[in-house]
Amino acid sequence: MAMVEKVLIIGSGAREHAIARALQRSLQVPELVGLGTNLNPGLMQLCGVFEVGNITDAEAVLAFAGKHKVTLAIIGPEAPLEAGVADALWQAGIPTVGPRQQLAQIETSKAFAREMLTKYAIPACPGYRVFQTMDGVADYLTELGNHYVVKADGLTGGKGVRVAGEHLHSHEEALAYAVALLDEAGQCVIEEKLVGEEFSLMSFCDGKTLRHMPPVQDHKRAYEGDTGPNTGGMGSYTDAGGCLPFLTESDIQKAQQINEQSAAALAAEFGQPYQGILYGGFMATREGVKLIEYNARFGDPEAMNVLALLETDFLAVCQAIVQQNLMDLEVTFAPLATVCKYAVPQGYPEKPVKGEPVDVSAVKQPEQVYFASVEAKGDILREAGSRTIAVVGIAPDLSSAEKQAEELVSDIEGPLFHRRDIGTRELVQKRIDHMREIRG
Ligand code: AMP
Ligand code: GLY
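Below you can see the structure in the form of structure tokens.
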């Protein structure tokens, strides 16, 4: 009989709550401990021990892991990956799901990600150039005309990308933003603006073998009709057939292939296996599937969609990732549709109200509720200022999953709002029509 795993979950959003839920379903009955940044009531309930601490401080994480004798760690967010927490855990003999610092550059440096794809001849990039000085920036903008995007190189919590026609309205504005980025970080990326529909394709990766998850579509804009400021993601859906209504099977195969080629490129580049979740942010365009960005972790909200569907024991998947035997594990997902909707504080993302009480006691299916930026203070839950609570509807078809998610989210009380349009027939049809128009 194998030992009981004691699993450390790092992070405390809805994504980590979903990770804890998936582990709790394991027939191996692991013990869970958590280290996060807010007193997430969901994690506090599922973890034998849950503490708030500095999750980007490798020493502090190691001390916590050592004290609780953890046998496996799972890193949820990107910041600890960038800080080398996976390296420290592996060095201390704790197998970890989440790539080491060098490999996490696929997310933490946009220049690195683009240049690696080019070096390994993976044909998925838009036209792009990396700049360390303003030399050539104006010329490159002239070459791109009205179709340019200016990106900060490093992690910016989704706020570093400015797109022509949305955030930037002239080459003057683009130049000024490039100057600011170079002053700040010494490097920026300018690239061709792609037109199409975005989707996320995440893969479990042990460094050699990838097991792909169903594609998901997230919604970045704060308000209905895809208007308003960008957010961490207001909600997301998967469709029942393991496809998305606006994609073809070949789009999905292409995205899977790009993830496979990128994992192989990372292994070749660093001589180390990428062990974790590889998240490709793709755009389906007239010229085929292109890579927008990589993340080195589960998406949030995408994790709630896919983990709700995962049929294979998630702990077994994590063990296969760290032991590098995903090849021997079949990973399957229920053929159902999911719709995830986030309730966020009024004023989010610019001026979110904070500290207000929220109440989920009227929600009929508490197991479909995921806590995020919310703090448990005694019996009262209070908004902590970012995306507050996610719900997931699960059904044989998208419309029913959407209705279920809408019912669940509507029963949450507090000064919150959500996007009613995510997963609705109308919005999904708009995506289908958009792609039809683009493909001609
Ligand atoms: P990223 O942080 O790279 O995912 O960028 C944030 C958002 O900016 C993406 O979700 C896209 O909506 C948009 N974006 C980034 N790069 C491009 C591009 N080359 N063309 C069009 N939109 C882009
Ligand atoms: N949903 C986008 C992200 O996790 O980065």
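Heads up: the sequence shown runs through residues 822 to 1261, numbered per our numbering. Heads up, the beta-carbon is just placed ideally off N, CA and C, and yes, glycines get one too.
Candidates the options, of which the one nearest residue i by Cα
| i | options | result |
| --- | --- | --- |
| A1164 | D1180, G1062, A1155, Q912 | D1180 |
| A1124 | E826, R842, V825 | R842 |
| M1055 | Y1044, A881, G1063, A1061 | Y1044 |
| V825 | A1061, Q922, S1071, L853 | L853 |
| K890 | G855, L867, I896, R921 | G855 |
| G1199 | E936, T939, A835, M865 | M865 |
| G863 | K1251, S1231, G1017, F1192 | F1192 |
| A1197 | L902, N861, K827 | N861 |
| S1231 | P1170, E1247, K1162, H1255 | K1162 |
| H988 | R1118, Y1058, K1014, L1031 | K1014 |
| Q1250 | S847, P898, L1068 | L1068 |
| Y1100 | K1185, H1033, L1002 | H1033 |
| T1048 | L1248, F871, L1003, L1002 | L1248 |
Residue i (DSSP reduced to helix, strand or coil)
| i | result |
| --- | --- |
| H1255 | helix |
| N1080 | helix |
| D974 | coil |
| L883 | helix |
| C1268 | The structure shown has nothing for residue 1268, since the chain only spans 822 to 1261. |
| P862 | helix |
| Q1038 | strand |
| A1193 | coil |
| Y1115 | strand |
| E899 | helix |
| V1249 | helix |
| I830 | strand |
| M937 | helix |
| T1153 | coil |
| C1139 | helix |
| N1051 | strand |
Close beta carbons around residue i, own chain, < 8 Å, minus the five adjacent residues each side
| i | result |
| --- | --- |
| P1173 | V1165, P1166, Q1167, E1204, G1206, S1207 |
| E1070 | C1064 |
| R1107 | V1016, G1017, I1259, R1260, G1261 |
| S847 | D1134, F1135, L1136, A1137 |
| R935 | C946, Y949, V951, V1010, E1012 |
Exposure label - residue i; buried when at least 16 CB within 10 Å
| i | result |
| --- | --- |
| P1156 | exposed |
| L829 | buried |
| D908 | buried |
| D1214 | The sequence as given places Gly at residue 1214; Asp does not occur at that position. Under this definition G1214 is a buried residue. |
| T963 | exposed |
| M1023 | buried |
| H1239 | buried |
| A925 | buried |
| G1102 | buried |
| E837 | buried |
| A942 | exposed |
| Q1225 | buried |
| P851 | buried |
Neighbourhood of residue i by C-beta distance below 7 Å, restricted to the same chain and skipping five residues each side
| i | result |
| --- | --- |
| E1234 | V1179, D1180, A1183 |
| P1094 | D1027, G1028, K1029, A1088, Q1145 |
| G975 | T929, S930, A1006 |
| D1218 | A1061, A1158 |
| G1046 | D1242 |
Minimum Cβ-Cβ distance from residue i to chain C less than 9 Å
| i | result |
| --- | --- |
| L1248 | In the structure shown, chain C cannot be found, because there is only a single protein chain. |
Cβ-based neighbour list, residue i, same chain, cut-off 6 Å, excluding 5 preceding and 5 following
| i | result |
| --- | --- |
| P1236 | Q1167, V1174, E1177 |
| L883 | A909, A913 |
| T1133 | V1152, T1153 |
| K1075 | V1110 |
| H992 | L962 |
| P898 | G832 |
Rounded C-alpha distance that separates residue i from residue j
| i | j | result |
| --- | --- | --- |
| G832 | G978 | 15 Å |
| I1011 | A1211 | 34 Å |
| E1227 | Y961 | 45 Å |
| P1122 | G1097 | 17 Å |
| T858 | V873 | 5 Å |
| I1079 | C1064 | 17 Å |
| G919 | Q1144 | 13 Å |
| M955 | S1083 | 30 Å |
| T1245 | G1007 | 43 Å |
| P1187 | E1019 | 30 Å |
| L1112 | I1201 | 43 Å |
| N967 | A894 | 46 Å |
| Q849 | V1138 | 12 Å |
| G869 | I915 | 19 Å |
| L1150 | G957 | 49 Å |
| I1073 | P1036 | 7 Å |
| V984 | K888 | 47 Å |
| V1195 | P1170 | 15 Å |
| F933 | K1185 | 46 Å |
| A1141 | R1257 | 40 Å |
| F1025 | F1119 | 9 Å |
| N1051 | G1092 | 36 Å |
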